[in-house]
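Below is one structure, written out as C-alpha cells, with a few remarks after it.
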Amino acid sequence: MDRSIPPAIVAEGLAAAYGDRLIWQNASFTVKTGEFVAVLGPNGSGKSTLLRLLLGLTPPAAGSLEVLGKRPHRGNAQIGYVPQRRNIDRDLPVRGRDFVHLGIDGNRWGVALGNTADSHQQVDQAIMAVEARAYADRPIGRLSGGEQQRLLLAQALAGGPQMLLLDEPLASLDLRNQIVIAELVAELARANKLTVLLIAHDINPLLPIVDRVLYVAHGGVAIGKPAEVITTEQLSRLYDAPIEVLHDTHGHMFVVGLEAESAHHDA
Amino acid sequence: MATCSWWAWRRKARITMLEPYLAAVPYFGWDVLRDLQELFRYAFMQHAFEAGTMVALSAGVIGYFVVLRGLSFAAHALSHIGFAGATGAVLVGAGPLVGLLTFTMAAGGVMGALGQRLRGRDVTIGLVMAWSLGLGVLFTRLYQGSANLAIGILFGQIFGITTQEVAVTFIAGALTVLALVVIYRPLLFATLDEEVAEAKGVPVRGLAIIFMVILAVAVSEAVQVVGVLLIFALIVAPAAIADRFTTRPSRGVLLSAVLAVLFTWAGLTIAYYLPYPVGFFITTIAFWSYVLARVLSAVVARRATGRVRPWREEQVRHSP
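Structure follows, in C-alpha cells:
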C-alpha cells in the first residue's frame with residue numbers, strides 16, 4: 010500500500026458505550042484505504058456499535074476516531090452501509106429497484122422532478138454491478154436472501170461511496186451463497202477501490218478474501234492478519250479463557266472453547 | 018356543522034310532504050350532462066363534492082404510507098381519540114372540527130415520538146381508544162343536545178357541511194398533500210429502510226412525528242365524510258387495494274389517491290338518489306373493491322406460478 014495515501018480509519022484509545030455500559034475500550038487501530046477487514050466476535054460484543062461509531066450515529070465514549078480524514082458524521086455520502094437485516098415483509102409492495110434508488114436520492118426532500126435519467130442510469134449501473142438485473146423489478150420481499158443481499162449491496166454502492174460497512178451480509182445465507190456474496194463484495198471493493206469492514210460470524214468463507222481481521226471480544230479489540238489474530242494464544246488472551254484454534258487440511262479455522270459464548274452464534 | 022344529515026331530512030320529507038317530493042324526484046338517466054346538473058343542483062351537494070374530493074385526496078395519499086408503515090390501527094385509534102375531542106369541543110362551545118384537530122394532533126405527536134416503541138402495543142392503543150370513546154359518550158350526554166351530534170361525528174355528515182367548513186377542509190387537505198410531497202423521498206426511505214436512512218442523514222425521528230401530525234389532520238378531515246368509525250374505508254382501503262396492483266411507490270400513492278376519490282364520488286352520487294347514509298355506500302364500495310382486488314390479484318398470481326421463472330431458482334430450491 011502506498012504510503013502517501015491517507016488511512017481510511019484511525020482509532021486511538023477508542024471506547025464504545027451502550028447507554029451507561031462500556032462495551033469495549035482502549036481500541037487503537039488503523040485501517041488502510043482499500044483494505045478488506047472482517048470484523049469478528051461473539052454476539053453483543055459491540056461489532057455493530059463499531060459501525061455505528063464510524064457512521065456517526067453513536068458518539069465515542071472516549072478516544073478519537075477519524076473516518077476518511079474527518080470526524081464521523083451522520084449523512085456521510087462517502088460511506089455505503091448495509092445494516093443487519095431483519096426479514097423483509099413478503100408482501101412489501103416495493104421493487105428491489107426502488108430500494109436501490111433510495112440509496113441515491115432518498116435523503117433529498119420533495120419528489121423527483123425534471124430529468125431523472127441520470128439517477129435511473131446510476132441505479133441501473135449499481136444493479137448490473139451486483140448482477141441483479143434479472144430480478145430487480147420484482148417485489149423485494151419475494152426474493153431469496155441472497156438476491157435481497159445483492160440489491161441492498163447495490164443500494165449501498167449506488168451513492169458512489171469510498172467505504173462499505175456491512176453488518177452480517179452473510180447471515181442466513183447457505184454456504185454456497187456466502188462464498189458467492191463474499192467474493193462479489195471483494196470484487197466490487199477491488200474495482201472501486203473501496204475500504205470494506207464486514208461483520209461476520211464465520212471467518213472461513215472470507216479467508217481467501219480478507220486482508221485483516223478485527224476481533225471484538227470481552228471489552229477489547231484486536232486487529233491483524235487472520236493467521237496472527239485467530240490463534241490459540243491471541244483468542245485465549247482476548248477472552249481470558251482457554252480457547253483453541255484448530256486447522257483442517259484446507260486451511261479452514263475452527264474456534265473451540267467458545268461454546269458458552271457462541272451458544273447463539275449461529276442463530 | 019348541521020346536526021342532522023340530508024338523508025335524514027329527506028326521509029322525513031317523504032313522509033310529511035309526499036306530493037312535492039315525488040314531483041321533485043331527481044333525474045337519473047343516460048344523459049350524463051343532465052345527471053351532473055342534477056347532482057350539483059343544490060349547494061349542499063356542491064359542498065359535499067368539494068370537501069369530499071379534497072378529503073379523499075389527502076386520505077388516499079397518506080393512506081399509502083399508513084399501510085406501508087403498518088399504522089392502520091394507530092390511524093383508527095387517532096380518529097377515536099378525535100371523537101372525545103370533537104364532543105368535548107362542542108361541550109365547551111367550540112366547533113367539533115377544532116376539538117378533532119386538537120386531540121388527534123396531540124395524540125399523533127405522542128404516537129410519533131414513541132416511534133418504534135409503539136409497534137406491538139395494540140393493547141395500549143386499544144385501551145386509549147376505548148377510553149376516548151367513553152369520554153365522548155360522557156361529553157355527548159353532558160351536552161344534552163341531540164344524539165345526532167354523536168351520530169354525525171361517528172358516522173360522518175358530509176351533507177351538512179357549511180361553506181366555511183368547506184374552506185377549512187380545502188386548506189387543511191391541500192396542506193397535508195403538500196407536506197407529504199415535500200417529505201416524500203425521506204419518508205419513503207425512513208419507512209422502508211430506517212437504519213440506512215438514519216445513517217444517510219434522514220431525520221428519522223422527526224419525520225415520524227411530522228408524519229403522525231399530518232395523519233392527524235387527514236384523519237380529522239376524513240371524519241367529516243365517513244365519521245370516526247368508518248375511517249378505514251377512506252384511509253386504509255384504497256392504499257391496501259393499490260398495493261395489490263403496483264410495486265412502484267409513486268404509482269401506489271397516485272392509485273391510492275385516485276381510488277379514494279372515486280369511492281367518495283360514487284358514494285356521494287348514490288347517496289343523493291337513495292335515502293340511505295353516504296357512509297354506508299362508501300364503506301360498501303371500499304369493502305367490495307378490496308374483495309375484488311384480492312380475488313383478481315390471487316388469480317393473476319396463480320397464473321404466474323404456472324410459468325418457470327429463472328430469477329427465482331434459489332427460492333424455488335428452498336421452498337418446501
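Just so you know, the protein sequences line up as chains A and B, in that order. Take any residue in the first sequence, count from 1 to its spot, add 9: that is its number in our numbering. Take any residue in the second sequence, count from 1 to its spot, add 17: that is its number in our numbering. The beta-carbon is built from N, C-alpha and C at its ideal position, and this holds for glycine as well.
Inter-residue Cα distance where the pair is L95/B and L150/B: A direct Cα-to-Cα measurement between L95/B and L150/B gives close to 11 Å.
Minimum length 3: unbroken beta strand (DSSP E) runs contained in the stretch 68-121 of chain A: Runs of the beta strand (DSSP E) spanning 3 or more residues and lying entirely within the stretch 68-121 of chain A occur at 71-76, 88-91, in chain order.
G46/B to L56/B span [Cα, whole Å]: C-alpha separation (whole angstroms): 12 Å.
Within-9 Å CB hit, G119/A to chain B: At a cut-off of 9 Å between beta carbons, G119/A contacts chain B.
CA-to-CA distance, G284/B to R61/A, given in whole angstroms: R61/A and G284/B: Cα-Cα distance of roughly 51 Å.
CB contact check: D133/A to chain B, cutoff 9 Å: Not closer than 9 Å to any Cβ of chain B, the Cβ of D133/A fails to qualify, so no.
Alpha-carbon spacing of A101/B relative to R265/B, whole angstroms: Approximately 38 Å, taken between the alpha carbons.
Own chain, CB closer than 6 Å to S57/A, minus 5 neighbours either side, in chain order: Within the same chain, D176 come within 6 Å of S57/A by CB-CB distance, once the 5 residues on both sides are set aside.
Where the alpha helix (DSSP H) containing Q130/A begins and where it ends: Element bounds for Q130/A: 126-138.
Euclidean distance between Cα positions of W33/A and L63/A: Using only the alpha carbons, I get a separation of about 15 Å.
Beta-ladder partner(s) of E253/A, from DSSP: Residue pairing by DSSP puts E253/A in a beta bridge opposite V265/A.
Those residues which DSSP pairs with G229/A across a bridge: Partner(s): A226/A.
Residue interval of the beta strand (DSSP E) (run including D176/A): From DSSP, the beta strand (DSSP E) with D176/A extends over 172-176.
9 Å Cβ cutoff, V230/B in contact with chain A: No, no contact with chain A.
Anticipated Cβ contact below 8 Å, A124/B with V115/B, distance rounded: No, A124/B and V115/B are not in contact; Cβ-Cβ is about 15 Å, not under 8 Å.
Within-9 Å CB hit, R265/B to chain A: Answer yes: the Cβ-Cβ gap between R265/B and chain A drops below 9 Å somewhere.
Residue span of the alpha helix (DSSP H) that contains L160/A, given as start and end: Annotation for L160/A: the continuous alpha helix (DSSP H) segment containing it runs 154-167.
Reference A250/B; option with closest CA among S237/B, A184/B, A288/B, F280/B: A250/B has its Cα closest to that of F280/B, out of S237/B, A184/B, A288/B, F280/B.
Within 9 Å, strictly: CB atoms of A214/B and L23/A: No, the pair does not count as a contact, with Cβ atoms beyond the cut-off.
At least 3 beta-carbon pairs within less than 8 Å: the stretch 191-211 of chain A vs the stretch 230-242 of chain A: Judged by Cβ distances under 8 Å, the stretch 191-211 of chain A makes no contact with the stretch 230-242 of chain A, as fewer than three pairs qualify.
Inter-stretch contact (C-beta, 8 Å, three-pair minimum) for the stretch 208-224 of chain A and the stretch 185-192 of chain A: A contact exists between the stretch 208-224 of chain A and the stretch 185-192 of chain A.
Cβ neighbour criterion (16 or more within 10 Å) applied to Q241/B: With 16 or more other Cβ atoms within 10 Å, it is buried.
Residue closest to V317/B, alpha-carbon to alpha-carbon, out of G296/B, V270/B, Y293/B, R261/B: The shortest C-alpha separation from V317/B is found at R261/B.
9 Å Cβ cut-off: residues of chain B touching Y90/A: E212, V213, A216, K217, listed in chain order.
Chain B contacts from the stretch 77-107 of chain A (Cβ-Cβ distance under 7 Å): Residues of the stretch 77-107 of chain A with a C-beta less than 7 Å from any C-beta of chain B: R83, G84, Y90, P92, P102, V103, R104, D107, listed in chain order.
Any C-beta of chain A under 9 Å from that of A40/B: With a pLDDT of 43 at A40/B, under the threshold of 50, the predicted position of this residue should be treated as unreliable, and no value is reported.
Bridge partner(s) assigned by DSSP for A47/A: Under DSSP, A47/A shares a beta bridge with L207/A, V222/A.
Length of the line joining the Cα atoms of L247/A and A226/A: Looking at the two C-alpha atoms, the distance is approximately 7 Å.
Beta bridge counterpart(s) of L327/A as assigned by DSSP: Nothing about residue 327/A can be reported from this structure: the residues present for chain A run from 10 to 276 only.
CB contact flag (I79/B, L232/B, <9 Å): It is a contact, given that the beta carbons lie within the stated cut-off.
Meets three-Cβ-pair contact criterion under 8 Å: the stretch 220-228 of chain B and the stretch 71-78 of chain A: Contact between the stretch 220-228 of chain B and the stretch 71-78 of chain A is absent, because fewer than three Cβ pairs lie under 8 Å.
Contact set between F206/B and chain A, taken where Cβ atoms lie within less than 8 Å: The answer, in chain order, is L111, G115, N116.
Coarse secondary structure for R138/B, derived from DSSP in three states: In this structure, R138/B counts as coil in the three-state DSSP scheme.
Residues that DSSP places opposite P148/A in a beta bridge: DSSP output for P148/A lists R104/A as bridge partner(s).
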